[in-house]
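*Asks:* First residue of the sequence shown: 108, per this note's numbering; consecutive thereafter.
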Amino acid sequence: EDSQDPMQFNASQENSSDYQEEDDVQYIGCSDGETPGSSEGTPSFRWREVGEPTEHKWKCPFCHHEVPLLKRHLMSAHNLDEETAEQERRHAMNVNSRAKHARALKGCPLCSSKCQRIDHHLKRQHKMRPDSDEYKTLLKQAKVWRG
């Protein structure tokens, strides 16, 4: 019967070579560092079904809810078409990723300049060598700038 609910996971699709990844079923990467389909007897990957907890959550750019399936959330909660939802999802993923890896601004003890990479600043602007005692001391003296 082809009258299956399209939102339900179909186990026969798991091994299909022409299966396109949908929002309701996602590939979960290998936890042991192996590649999918390892020959160790147990598969090193599996599919995540709708409703199963996920480690990754993304912040919605419109309502600021944290959701595991951002594209689906954008389409259902904010009535975006699929193309626009995908663009917003990609943008949000970039913004979230950058925010997680952002460094605090530090003040340079020599010139009071504010920068994220005080180590690079000392090497480029003050021509210091990383192996010098003065460089190491200034790195320790640099404090997070609190504006």
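Glycine included, C-beta positions come from ideal geometry on N, C-alpha and C.
Give a yes or no on contact between the region 188–195 and the region 232–245, applying the rule of three or more CB pairs nearer than 8 Å.
*Replies:* The region 188–195, when compared against the region 232–245, does not touch it at the 8 Å Cβ threshold.
*Asks:* So, for H228: in the same chain, excluding its five sequence neighbours on each side, which residues have a beta-carbon less than 8 Å away from its beta-carbon?
*Replies:* As a first step, residue 228 must be located in the sequence shown, where it is residue number 121. Answer for H228: C215, S220 and C222, listed in chain order.
*Asks:* Around the Cβ of K213, are there at least 16 other Cβ atoms within 10 angstroms (buried) or fewer (exposed)?
*Replies:* For the purposes of this step, residue 213 is identified with residue 106 of the sequence shown, where counting begins at 1. Looking at its Cβ environment, which holds 16 or more other Cβ atoms inside 10 Å, K213 is buried.
*Asks:* From what residue to what residue does the alpha helix (DSSP H) around T231 run?
*Replies:* Along the sequence shown, read from residue 1 onward, the residue named residue 231 stands at position 124. For clarity, residue 231 is Arg in the given sequence; the question names Thr instead. It spans I225 to Q232 - the alpha helix (DSSP H) in which R231 sits, taken as one unbroken run.
*Asks:* Per DSSP, what are the beta-bridge partners of W165 in this structure?
*Replies:* Walking along the sequence shown from the start, residue 165 turns up at place 58. W165 pairs with V174.
*Asks:* Given that a residue counts as buried once 16 or more other Cβ atoms are within 10 Å of its Cβ, and exposed if not, what is K250?
*Replies:* As a first step, residue 250 must be located in the sequence shown, where it is residue number 143. With fewer than 16 other Cβ atoms within 10 Å, it is exposed.
*Asks:* Give the straight-line distance between the Cα atoms of A199 and N186, rounded to the nearest whole angstrom.
*Replies:* To locate residue 199, count along the sequence shown from 1; it is residue 92. To locate residue 186, count along the sequence shown from 1; it is residue 79. Near 17 Å, if we compare the C-alpha coordinates of N186 and A199.
*Asks:* For C218, I'd like the list of residues in its chain whose CB is within less than 8 Å of its CB, leaving aside the five on either flank, ordered along the chain.
*Replies:* Taking the first residue of the sequence shown as 1, we reach residue 218 at position 111. Result list for C218: Q232 and H233, in chain order.
*Asks:* Taking its Cβ as the centre, do 16 or more other Cβ atoms sit within 10 Å of A118, making it buried, or is it exposed?
*Replies:* Locating residue 118 in the sequence shown gives position 11, counting from the first residue. Here the model assigns A118 a pLDDT of 37, short of 50, so the residue's position is not dependable and the matter cannot be decided.
*Asks:* Less than 8 Å between the CB atoms is what I'm expecting for L177 and C167, so what's the real figure, rounded?
*Replies:* Taking the first residue of the sequence shown as position 1, residue 177 is located at position 70. Taking the first residue of the sequence shown as position 1, residue 167 is located at position 60. Yes, they are in contact, since the Cβ atoms of L177 and C167 sit about 7 Å apart, within 8 Å.
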